[in-house]
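Student: Numbering (our numbering), first residue to last: -15 to 190.
1) Drop a sphere of 10 angstroms on the beta-carbon of residue 149, count the other beta-carbons inside from all chains shown, and report buried for 16 or more, exposed for fewer.
2) Can you tell me which of the three DSSP states residue 76 falls into?
3) Helix, strand or coil for residue 127? Go by DSSP, reduced to three states.
4) Work out the CA separation of residue 141 and residue 97 for me, nearest whole Å.
5) Counting C-beta neighbours from all protein chains within 10 Å, is the total for residue 53 16 or more, i.e. buried, or is it exposed?
6) Report yes or no: do three or more beta-carbon pairs, one from the stretch 152 to 167 and one from the stretch 178 to 190, lie closer than 8 Å?
7) Between the stretch 60 to 76 and the stretch 117 to 136, are three or more C-beta pairs nearer than 8 Å?
8) Considering only the beta carbon of each residue, do residue 89 and residue 125 sit closer than 8 Å?
9) Any idea which residues DSSP pairs residue 68 with across the strands?
10) Quick one: what's got a C-beta closer than 8 Å to residue 175's C-beta in the same chain, skipping five residues either side?
11) Would residue 38 and residue 79 qualify as a contact pair, given that the criterion is a beta-carbon distance under 8 Å?
12) Taking 8 Å as the cut-off, decide whether the C-beta atoms of residue 50 and residue 73 are in contact.
13) Hey, how far is the Cα of residue 21 from the Cα of residue 28?
14) Identify, in the order they occur along the chain, each residue of the same chain with its Cβ nearer than 8 Å to the Cβ of residue 159, setting aside the five sequence neighbours on each side.
15) According to DSSP, simplified to helix, strand and coil, what is residue 113?
16) With DSSP as the reference, identify every bridge partner of residue 163, one or two as the case may be.
17) From the beta carbon of residue 112, is the nearest beta carbon of chain C less than 8 Å away?
18) What residue does the beta strand (DSSP E) around residue 199 start on, and which one ends it?
19) Under a three-way DSSP split, which group does residue 155 fall into?
20) Applying the 10 Å Cβ sphere with the 16-neighbour rule, what's the burial state of residue 83?
21) From residue 24 to residue 32, what does the alpha carbon distance come to, in whole angstroms?
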């Protein structure tokens, strides 16, 4: 009887061990596949944003992997290292896309991708993350308003130092009805990114 009970305990223990191994394997397999899918989705979203600023026919390198780690910078609004994405054609530099942050949005930080051509002019700007007020500050999103395209082709000399403000502050960029803080923050962040590029252009494409 004792031997029979011991055998039953051993069999039960073996089944429990087997279930634990199978369960752990399934969880690990599911997590691996899920994390791979998430990583690929994030890569595709990044590429869509990058190619929205720099059309594919302007470059022939893999811009998502041709990157440079940049230290935290007040001009970029960053407090940790970020990546700059570098576009090239036939080995020659075309543009760089910076992760920039407007720290002083109405409701908090506004995360931007800012594309700058080698000549210092803007390829474009996109807001990639924010918590601004729906119906007011969210007009910085390209899907809500074409306002963000007003940066296309601008540079430090165009419109000039005094022009890099919203119109309410004497500059050239429109503000939103009922929401001036958000566009003011984005204009300042884009201008600061151009200043960063001007000061570090030689390093960006080393």
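Glycine included, every Cβ here is placed at the ideal spot set by N, Cα and C. These numbers were taken from a predicted model, which means no experiment stands behind them.
Tutor: This is what the structure holds:
1) The residue is buried, with at least 16 neighbouring Cβ atoms inside 10 Å.
2) Here DSSP, grouped into helix, strand and coil, assigns residue 76 to strand.
3) Of the three classes helix, strand and coil, the one that applies to residue 127 here is coil, per DSSP.
4) Their backbone Cα atoms lie some 21 Å apart in a straight line.
5) Exposed: under 16 other Cβ atoms inside 10 Å.
6) When C-beta atoms of the stretch 152 to 167 are compared with those of the stretch 178 to 190, fewer than three pairs fall below 8 Å, so the two segments do not count as touching.
7) In short, these stretches do not touch, since the Cβ pair count stays below three.
8) No; because the gap between Cβ atoms is not below 8 Å, this pair is not in contact.
9) Bridge partners of residue 68: 52 and 82.
10) So the qualifying residues of the chain are 140 and 148.
11) Contact flag set, yes.
12) Taking 8 Å as the Cβ cut-off, residue 50 and residue 73 do not qualify as a contacting pair.
13) For residue 21 and residue 28, the distance between alpha carbons rounds to 11 Å.
14) Correct list, in chain order: 150, 151, 152, 167 and 168.
15) Correct three-state label for residue 113: strand.
16) 160.
17) In the displayed structure, chain C is absent; only one protein chain is listed.
18) Nothing in the structure corresponds to residue 199, since the chain is present only between -15 and 190.
19) In this structure, residue 155 counts as coil in the three-state DSSP scheme.
20) The residue in question, residue 83, is buried, as its Cβ has 16 or more Cβ neighbours within 10 Å.
21) Roughly 12 Å separates the two Cα atoms.
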